[in-house]
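Q: Just dropping this structure here.
Residue numbers (the UniProt record's numbering): 1 to 452.
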C-alpha cells in the first residue's frame, strides 16, 4: 500500500508529463477497442438482418450487389425480373413462400419498398424473430404505407398521417408523386436492421403511382383514369415539413376511399427487383439455386444469403487487417513514447531514488515502484478509454440507428476486447522493465553527490 501511495504521489509530482502520456495511451486504446467493436457489431448487424430466407433471386449480375440492394438497401438493381418469373417460381414444389421486392422510390432519403403481405408474415431477422407492429397494422388498401421505426421517429409520423413519395433515390428529389399521397397505416417495432429505415407499400400501390410515368418522366396523358385529379390538394403535403398539421391528415375518411376506387382493381407489378425465397426443406437449397440459375425465360441468379455475406467479409478482410495494423501501431507508438518519457526522467529522478535508497529502499523496491507507476498510468488510461467509448456509443446510438440502421451496443467489453486490454497492459509492463532496471541500478552516491 505504501508503494502504491508513493507511486501515485510521484506521478502527481510529474503530473503534466504524466497527463500527456495518459492522453496518448488513452486515445490509442480507444482506437483499438473502437475499431474492433465497430467491426464485430457491424458484422453481427449484417448477419442478423436476414434470417430464415434460403435464397435471394434477382437479375443476373453480381451476387454482392443483389444482396446489398435487396436486403440492406445499398445500391440499385441493374435489371429487374418479370412478374411472370415470380408466378412460375411460386409454383415450384420446393418453395414454401416468396417475398416480392420492388424498389425505385424514396421518401426524404429513406427507401420505399413495394412488397406483399407475405413480407410481414415471413420476413425474419436475428434469431428467427418476425416483424411486429408498434402501432397500427399492415397496408390494407392501395395507398397505405407502413413506416419503419427509425423513419417514424426521425420524421415524427403517426398512423393516419399523410405523406408523398418521390420517384428515384436520394434526400433531394424533384419528381414527386404529389397526385397520389399515401396514408400511414402502421409503424413497425424497432429491429436494429435496415427495416427500421424503410417505408413499405403494396405492389399495387407501386404500380398505381407509376401508371402515368414513362422512362422516369411523369406524363399524365398516359393514364386513362382521372381519379387522381381529386388529390391535387394533397400536393402541399409532399414535404411534410410541418408536423403540426397532422391533425388535418388524421381523418382517414377522406383518403380511405382510395382502396375502393378502380385504381385498386387488377393492379399488380409488371416487374420486381428481387424475390426472397423460403424453401420447404433446406436440403433443396442448392438444387433450386441451380434451377434458377439455369432458367431459360430470362437471365436470373439465386444466391444463398449466408454465402454471399461470407464473400463480403472475405473482400473486407484486407481492410480489417489494415485498420488493425494502424490501431496497433498507434498503441505501440504510445507505449514507446511512455518508455522514452520514463527513460528521460531517470536523470531528473536520481536524487529522488538516492533519497529512497538512503531511507532503506532496496533495488527491488525501486524496480517495483517504476513498474507500478507505469501500470497505474496504463490502468487509468484503459478505464477512461472504456468509459468514454461506452458513453459515446450510448449517447450516439439513436443517431447511428436513425442514419445507418446499425445497432452498436454500448457494452464494449466482450471476450476479445478483454484480450486487447490485457495485451496492452502486458506490453506496458514489459516496456517498463528497462526504466525500472535502470532505477534499481542507480548507486546511492549518484544522486547525493553534487556534479560539476
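The beta carbon of each residue, even a glycine, is placed where N, CA and C say it ideally should be.
(1) Just how far apart, CA to CA, sit residue 19 and residue 323?
(2) Considering only residues of the same chain and omitting the five flanking positions on each side of residue 339, which have a CB-CB separation below 8 Å?
(3) Measure the beta-carbon distance from residue 304 to residue 57 and round it to whole angstroms, keeping in mind my assumption that it falls under 8 Å.
(4) Would you mind stating whether residue 101 and residue 113 have Cβ atoms separated by less than 8 Å?
(5) Buried or exposed for residue 148, going by 16 or more other Cβ atoms inside 10 Å?
(6) Starting from residue 289, trace the beta strand (DSSP E) in both directions and tell me its first and last residue.
(7) With a 10 Å radius around its C-beta and 16 neighbouring C-beta atoms as the bar for buried, classify residue 194 as buried or exposed.
(8) Within the continuous alpha helix (DSSP H) that includes residue 71, where are the two ends?
(9) Could you check where the alpha helix (DSSP H) with residue 428 kicks off and where it finishes?
(10) If I measure Cβ to Cβ from residue 394 and keep anything under 7 Å in the same chain, skipping five residues before and after, which residues do I get?
(11) Considering only DSSP beta bridges, list what residue 455 is partnered with.
(12) If you run the structure through DSSP and keep just helix, strand and coil, what is residue 130?
(13) By how many angstroms is the C-alpha of residue 121 removed from the C-alpha of residue 183?
(14) If contact is defined by three or more beta carbon pairs under 8 Å, each pair taking one atom from either stretch, is the region 27-46 in contact with the region 324-331?
(15) Measure the CB-CB distance between residue 86 and residue 384 and report whether it falls below 8 Å.
(16) Kindly indicate the opening and closing residues of the alpha helix (DSSP H) around residue 205.
(17) Assuming residue 118 is part of the beta strand (DSSP E), what are its boundary residues?
(18) What first and last residue would you give for the beta strand (DSSP E) that runs through residue 107?
(19) Give a yes or no on contact between the region 39-46 and the region 289-301, applying the rule of three or more CB pairs nearer than 8 Å.
A: On the basis of the coordinates in this document:
(1) 27 Å
(2) 431, 432, 434, 435
(3) Contact flag wrong, Cβ pair sits at about 11 Å.
(4) yes
(5) buried
(6) No beta strand (DSSP E) holds residue 289; the alpha helix (DSSP H) holding it covers 285-293.
(7) buried
(8) 63-71
(9) Counting along the chain, the unbroken alpha helix (DSSP H) around residue 428 starts and ends at 415-431.
(10) 410
(11) Lying outside 1 to 452, the shown extent of the chain, residue 455 is not represented and no answer is given.
(12) Reduced to three states, the DSSP call for residue 130 is strand.
(13) Rounded to whole angstroms, residue 183 and residue 121 show a C-alpha spacing of 21 Å.
(14) yes
(15) Not closer than 8 Å, so no.
(16) For residue 205, the enclosing alpha helix (DSSP H) stretches over residues 203-209.
(17) Premise fails: residue 118 lies in the alpha helix (DSSP H), 118-122, not in any beta strand (DSSP E).
(18) 95-107
(19) no
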